[in-house]
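**Student:** Would you mind keeping the following structure in view while I ask a few things?
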Amino acid sequence: MTSPPRADDAHPYLRAATAGVRHHTHALGWSAPPEPADRLHLDVVHAHLTALLGLVDQLAGSARSPHPGAGRHLASAHTRLWQAAAAVHDAFHLLPSASDSSECRPESLPEGPPFMTICQRHLAAGHIVRRKTTPTDLDRPPHITACLR
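Number 36 in our numbering belongs to position 36 of the sequence shown; there are no gaps in the numbering.
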């Protein structure tokens with residue numbers, strides 16, 4: 001019989017992703033004049049948020065039956081992650097691009113078209129979110145009940 005993994009050994013890829021984001025945040029903060037956000041940064045952040053969105057969605061689904069309270073909190077986190085991803089997507093289109101248009105044209109991005117453009121990723125994530133959430137729920141801040149132990 002195997003023992004459960006220690007907390008510091010559990011989920012090494014998630015821990016590495018968190019460490020990578022933390023390292024990048026510190027690196028940006030240490031530069032003399034802070035560098036302005038660019039489209040490439042926002043595209044990568046959006047990819048990170050949508051990946052977290054999928055993970056939290058799976059965790060909420062698995063927690064819902066045995067632990068309804070935890071499932072509700074994770075569903076609320078899912079909604080907030082979607083709102084964050086939507087805000088990053090909107091900001092992406094407000095930043096200047098190689099062309100004067102704010103339309104999604106991956107062929108005109110200075111770094112070339114990404115494997116999955118931010119708009120394609122956003123539409124795919126939105127499709128999943130909208131199957132489980134009403135538009136009203138997405139527009140308002142999620143309500144979370146107090147933690148009861």
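Glycine included, each C-beta is placed from N, C-alpha and C at the ideal position.
Apart from the five residues on each side of it in sequence, which residues of its chain come closer than 7 Å, Cβ to Cβ, to L168?
**Tutor:** Nothing about residue 168 can be read from this structure; the chain reaches only from 1 to 149.
**Student:** Quick one, are the C-beta atoms of L59 and L74 less than 8 Å apart?
**Tutor:** The sequence position of residue 59 within the sequence shown is 59, counting from 1. The sequence position of residue 74 within the sequence shown is 74, counting from 1. In this structure, L74 lies closer than 8 Å to L59 by Cβ.
**Student:** Starting from the Cα of A86, find the closest Cα among L123, A19 and P34 and give me that residue.
**Tutor:** For the purposes of this step, residue 86 is taken as the residue at position 86 of the sequence shown. For A86, the closest alpha carbon among the candidates L123, A19 and P34 is that of L123.
**Student:** Is it right to say R149 is buried, meaning 16 or more other beta carbons lie within 10 angstroms of its own, or is it exposed?
**Tutor:** Position 149 of the sequence shown, counting from 1, holds the residue named residue 149. Only weak support is given to the placement of R149: the predicted model assigns it a pLDDT of 43, under 50, and the value that follows is read from those uncertain coordinates. R149 should be labelled exposed.
**Student:** Thinking C-beta only, is R39 closer than 8 Å to S76?
**Tutor:** Translated into positions along the sequence shown, residue 76 becomes position 76. Translated into positions along the sequence shown, residue 39 becomes position 39. Their beta carbons are not under 8 Å apart, which means S76 does not touch R39 by this criterion.
**Student:** For R121, count neighbouring C-beta atoms within 10 Å of its own C-beta (all shown protein chains included) and say buried if the count is 16 or more, exposed if not.
**Tutor:** For the purposes of this step, residue 121 is taken as residue 121 along the sequence shown, with counting starting at 1. Looking at its Cβ environment, which holds 16 or more other Cβ atoms inside 10 Å, R121 is buried.
**Student:** With DSSP collapsed to three states, give me the class of D139.
**Tutor:** The residue labelled residue 139 in the question sits at position 139 within the sequence shown. DSSP places D139 within a helical segment (H, G or I) once states are collapsed to three.
**Student:** Here's the rule I'm using: 16 or more other beta-carbon atoms within 10 Å means buried, otherwise exposed. How should D57 be labelled?
**Tutor:** Start at 1 with the first residue of the sequence shown, and residue 57 comes out as number 57. Buried, since its Cβ has 16 or more Cβ neighbours within 10 Å.
**Student:** Could you pull the start and end residues of the alpha helix (DSSP H) that D38 belongs to?
**Tutor:** Within the sequence shown, numbered from 1, the residue matching residue 38 stands at position 38. Per DSSP, D38 belongs to no alpha helix (DSSP H) and is neither H nor E.
**Student:** Inspect the beta-carbon positions of L138 and A91 and report whether they are closer than 8 Å.
**Tutor:** Counting from one through the sequence shown, the residue named residue 138 turns up at place 138. Counting from one through the sequence shown, the residue named residue 91 turns up at place 91. Going by C-beta atoms, L138 is not nearer than 8 Å to A91.
**Student:** Ends of the alpha helix (DSSP H) at P68?
**Tutor:** As a first step, residue 68 must be located in the sequence shown, where it is residue number 68. Looking at the DSSP string, the run of the alpha helix (DSSP H) that includes P68 is P68 to L94.
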